[in-house]
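Student:
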Amino acid sequence: MQIVNRLFLCMGLALLVAACGPSDSSGGISPAKALSMAPADPDLAELYQSSCRACHATAAGGAPRTGSAMAWRSRLAKGMSTLVDHTITGFQGMPPMGLCSDCSEAELRALIEFMATPPVEDDA
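To convert, note that position 29 of the sequence shown is 36 in the numbering used here; the numbers rise steadily by one, no gaps.
#1: Short of 6 Å in beta carbon distance, which residues of its chain neighbour residue 36, apart from the five on each side in sequence? Order them along the chain.
#2: Evaluate residue 29 with the Cβ neighbour count: other Cβ atoms within 10 Å of its Cβ, from every protein chain shown; 16 or more gives buried, anything less gives exposed.
#3: Whole-angstrom Cβ separation of residue 97 and residue 58, contact assumed at under 8 Å?
#4: Measure the CB-CB distance between residue 123 and residue 79 and report whether it falls below 7 Å.
#5: In angstroms with no decimal places, state the Cα-to-Cα distance between residue 113 and residue 121.
#6: Do you know how far the Cα of residue 128 is from the Cα of residue 108?
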């Protein structure tokens, strides 16, 4: 009977540890995949590379990972206007203007839309 109890205890602890694993903002998108993503527009891609990629491709400091619908879901639920406002004024760990002091509001909106959109999987 003790063996059965120990077995169930070990199984329960294993499930608990698995269920309580580290929470992150990756949403199942690997850092390698996120690092390889870039907006199709070359100008926007340059802005993303210089201002957004370092934090959003790696989910640094709790930033929602680029391409992770799960990580962006709760943020998008607040509305695009709120996200743009947070980007302009800074929010939690994100600096004002998201380190893009030259970005227009339209560019910030486009960058947010890009980062919040999951990658399209290749059929090849």
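Positions of the beta carbon are idealized from the N, C-alpha and C atoms, including for glycine. As the structure is a prediction and not an experimental result, all values here were calculated from the model.
Tutor: Walking through what the data contain:
#1: Take residue 36, set aside five residues on each side of it, and the residues of its chain with a beta-carbon closer than 6 Å to its own are 72, 74 and 75, in chain order.
#2: At residue 29 the pLDDT is 40, less than 50, meaning the model places this residue with poor confidence; the figure from the coordinates comes in the next sentence. Looking at its Cβ environment, which holds fewer than 16 other Cβ atoms inside 10 Å, residue 29 is exposed.
#3: In fact, because the Cβ distance is near 13 Å, the residues do not count as touching under 8 Å.
#4: Going by C-beta atoms, residue 123 is nearer than 7 Å to residue 79.
#5: 12 Å
#6: 33 Å
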